[in-house]
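One point on numbering: in the UniProt record's numbering, the residue at position 211 of the sequence shown is 215, and numbering is uninterrupted. What follows is a short report on a single structure.
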Amino acid sequence: PAFTAGQFVGDDLWVSVLDGGPRQYVDLDTAATSSASVAVAEAVQEFLPWYASVHRGAGIRSQITSARYEEARDIMVRFVGADPATHLALFPRNTTEALNLLAYRLRLTKGDVVATTAVEHHANLLPWARHARLRTVQVDERGTFDVAAVEAALDEYPRPKVLAVSGGSNVTGWLPDLRAIGAAARQRGVLVVVDGAQLVPHRPVDITALNVDVIAFSGHKMYAPFGAGALVAPRHLFATGEPFLVGGGAVQAVSFDDVVWADGPDREDAGSPNVLGVVALTASADELRSDGWSSVLAHEEHLVRGLDSELASVPGLHRLGPVTGDRLPVAAFNLEGVPHGLLAARLANEYAIGTRSGCFCAHPYMGRLLGLSEAEVDQFHADVRAGRRHRLPGAVRVSANRQTYLTDIPLLGQAL
Ligand code: PMP
Numbered sequence: 005p006a007f008t009a010g011q012f013v014g015d016d017l018w019v020s021v022l023d024g025g026p027r028q029y030v031d032l033d034t035a036a037t038s039s040a041s042v043a044v045a046e047a048v049q050e051f052l053p054w055y056a057s058v059h060r061g062a063g064i065r066s067q068i069t070s071a072r073y074e075e076a077r078d079i080m081v082r083f084v085g086a087d088p089a090t091h092l093a094l095f096p097r098n099t100t101e102a103l104n105l106l107a108y109r110l111r112l113t114k115g116d117v118v119a120t121t122a123v124e125h126h127a128n129l130l131p132w133a134r135h136a137r138l139r140t141v142q143v144d145e146r147g148t149f150d151v152a153a154v155e156a157a158l159d160e161y162p163r164p165k166v167l168a169v170s171g172g173s174n175v176t177g178w179l180p181d182l183r184a185i186g187a188a189a190r191q192r193g194v195l196v197v198v199d200g201a202q203l204v205p206h207r208p209v210d211i212t213a214l215n216v217d218v219i220a221f222s223g224h225k226m227y228a229p230f231g232a233g234a235l236v237a238p239r240h241l242f243a244t245g246e247p248f249l250v251g252g253g254a255v256q257a258v259s260f261d262d263v264v265w266a267d268g269p270d271r272e273d274a275g276s277p278n279v280l281g282v283v284a285l286t287a288s289a290d291e292l293r294s295d296g297w298s299s300v301l302a303h304e305e306h307l308v309r310g311l312d313s314e315l316a317s318v319p320g321l322h323r324l325g326p327v328t329g330d331r332l333p334v335a336a337f338n339l340e341g342v343p344h345g346l347l348a349a350r351l352a353n354e355y356a357i358g359t360r361s362g363c364f365c366a367h368p369y370m371g372r373l374l375g376l377s378e379a380e381v382d383q384f385h386a387d388v389r390a391g392r393r394h395r396l397p398g399a400v401r402v403s404a405n406r407q408t409y410l411t412d413i414p415l416l417g418q419a420l
C-alpha cells in the first residue's frame, strides 16, 4: 500500500506518504465522486429509523416512506426547472443507468439517427449506439464545437430523432452552449437529452429556460452517496410501452400470459427502490437550492482561475482542451516525459493528492484532444483486442468542487 495509515481529524483526512508524512489528503478527483455533504448525511441519518417498503406496506413507516419517495419526484423535477405536471423524475442508480433506460424506452430502431458529440462520456454514447445510428458533432483541436456544427448535424438527412449532448465535459470542464443548442433542436422538433452528470453539481439548471427535454445526473457526483441518480423527462415519453426493468411494482395486473403495466413513473419502478439514496439526493438538491448558487459559483470560479494559473506555471505541462471562457473546475494535462499513470501515482503516494489518470470514459474525445489519427486509434483497438496493449494514451485529470479549499490548488502546483 502507498500509505500505512489514514486518519480523519475533524473533516480532514491525513495520510502517510511514501517518504514521510502525515500529509493532509487533497481530493482533486471530485468529478469522479464527491463526498457527501453534512446536510445530506444528516438527512439520511434522520430518515434511517423511518424507512420501510415503498408502495408495498400498509404500516405507518411504509406510508411515510412512500410519501417521501413520491414527494422526491417533484423536488427533483423542480430542481432542474421543470414542471411536475409535464415532467416526471425517475431514480435510476446513476447517469449511466438513466441513459440506458431512456435509450431503451424511446424505442429507437437501427434506422433512426441519434445526433451526439465527440465530447461525450461513454455513458452518453454507448446506450444510443446500441439502439440507433450515431451521427457525431466533431470537435476542433481545442475540444469544443459551436452551435453551427450542431445545426448542421440536425439538418443532415435523415433528421435525428434525438440529440444527446453533454452539459459539461468531465475531461476538460468545457460547457457547451446548451441554451443555443436547445433552441436549435426545439426549432427542428428534435428531442434533446442532456448528460447532466457534471453540470448539475456545479450550476443551477433550468431545462425549461434551456429548451431541452431530458436531463440525467448522478447523486454521487452531487454530494450524495452512490446508488441513486435522476432522470427528469417529459411524462409522455413513458406513457406507453414496456419498461426497461420488468417485475413487481411496475404492473397493475399479471397473469401467465398477460400484463397490464402501471401508469406514470411506477411503470419504470420494478423492484424495491433505493429510498435512502433518494432521500440523500433530495437533501442535496434542497441544500444546493437553499444555500443559493452565488457562493458556489464564486468559489468555483476561484478554483478554475487557480487551476489555470498553477498549471500554466509548470514547465513542460500540456493542457488538453480550452483554457479560456466559462468552465467547470476540471483540467486534464500531461507532463512531458512522465507517463500519466506514473504522474497520478506519484501525486497520490508522495504528495497525498488524489487525481485520476487515463481516458476518463471518453475515449473518442481523448483521441481528439491528444491528436490521434484514425489509423492510430484503429491500431490501438487491434492491439487491445489482441492483448498486445492494455493502456491507451491518456492524461491526468484534476477536478474540484465547492468542498475544495482554495489553498489546495497551490499544493498541486508545488507537487508538479
Ligand atoms: N457523464 C459524465 C459527463 C460523467 O462524468 C460521468 C461519470 N464519470 C457519467 C456520465 C457517468 O456517471 P455514473 O458513473 O454515475 O453513471
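Heads up, the beta-carbon is just placed ideally off N, CA and C, and yes, glycines get one too.
DSSP state of residue i mapped onto helix, strand, coil
i: S41; result: coil
i: S173; result: coil
i: D15; result: coil
i: V84; result: coil
i: P5; result: Here P5 scores only 46 on pLDDT, less than 50, and its place in the model should not be relied on; the value that follows carries that caveat. P5 falls in the coil class under three-state DSSP.
i: D150; result: coil
i: Q49; result: helix
i: R60; result: coil
i: D290; result: helix
i: D33; result: strand
i: G251; result: coil
i: G345; result: helix
i: G10; result: strand
i: T100; result: helix
i: Q67; result: helix
i: L112; result: coil
i: G268; result: helix
i: Y73; result: helix
i: W54; result: coil
i: D412; result: helix
i: G186; result: helix
i: H126; result: helix
DSSP bridge partner residues for residue i (one or two, in chain order)
i: D262; result: S259
i: A168; result: V197
i: F242; result: According to DSSP, F242 bridges with nothing at all.
i: R137; result: V117
i: A399; result: G362
i: R27; result: V19
i: V236; result: A93 and I219
i: W178; result: R331
i: N338; result: H322
i: G417; result: Note: G417 sits in no beta bridge, so no partner.
Given residue i as reference, the closest of the options once Cα atoms are compared
i: F248; options: L110, V236 and V58; result: L110
i: T359; options: A36, A86 and G25; result: A36
i: residue 447; options: V58, V308, L94 and L373; result: In this structure the chain extends from 5 to 420, so residue 447 is not present and cannot be described.
i: Y355; options: L339, M80, S298 and L415; result: L415
i: T121; options: L112, T90, V166 and Y108; result: V166
i: P162; options: G115, L203 and N128; result: G115
i: A76; options: W178, A157, G281 and D262; result: G281
i: G296; options: F83, F12, D78 and A56; result: F83
i: L22; options: A232, D273 and N353; result: N353
i: R192; options: V209, V154 and Y227; result: V154
i: S313; options: P368, L292, H59 and A335; result: A335
i: L328; options: C363, T148 and E378; result: Checking the displayed sequence, the identity of residue 328 turns out to be Thr instead of Leu. When only C-alpha atoms are compared, the closest one is T148.
i: L292; options: S57, N215 and M80; result: M80
i: G252; options: G245, A266 and T244; result: A266
i: D270; options: R239, V402 and L182; result: R239
i: L112; options: D217, Q142, V151 and P164; result: P164
Residue i, buried or exposed, once every other Cβ within 10 Å from all chains shown has been counted against 16
i: L324; result: buried
i: V118; result: buried
i: A189; result: buried
i: K225; result: buried
i: T34; result: buried
i: residue 2; result: The requested residue 2 is not part of the displayed model; the chain covers only 5 to 420.
i: L339; result: buried
i: I64; result: exposed
i: Q202; result: buried
i: D16; result: exposed
i: A71; result: exposed
i: A284; result: buried
i: L52; result: exposed
i: T286; result: buried
i: S170; result: buried
i: A6; result: Here the model assigns A6 a pLDDT of 49, short of 50, so the residue's position is not dependable and the matter cannot be decided.
i: S298; result: exposed
Ligand 3 heavy atom lying under 8 Å from the CB of residue i
i: D199; result: In the structure shown, ligand 3 is absent; the only ligands present are ligand 1.
> In chain order, which continuous runs of the alpha helix (DSSP H) of length 4 or greater are located wholly inside the segment 349-395?
Replying inline: For the segment 349-395, whole alpha helix (DSSP H) runs of length 4 or above, ordered along the chain, are 367-373 and 378-389.
>> As an exercise, report each continuous beta strand (DSSP E) stretch of at least 3 residues that is fully enclosed by the segment 275-336, in chain order.
In response: If we require 3 residues or more, the beta strand (DSSP E) runs fully inside the segment 275-336 come out as 321-324.
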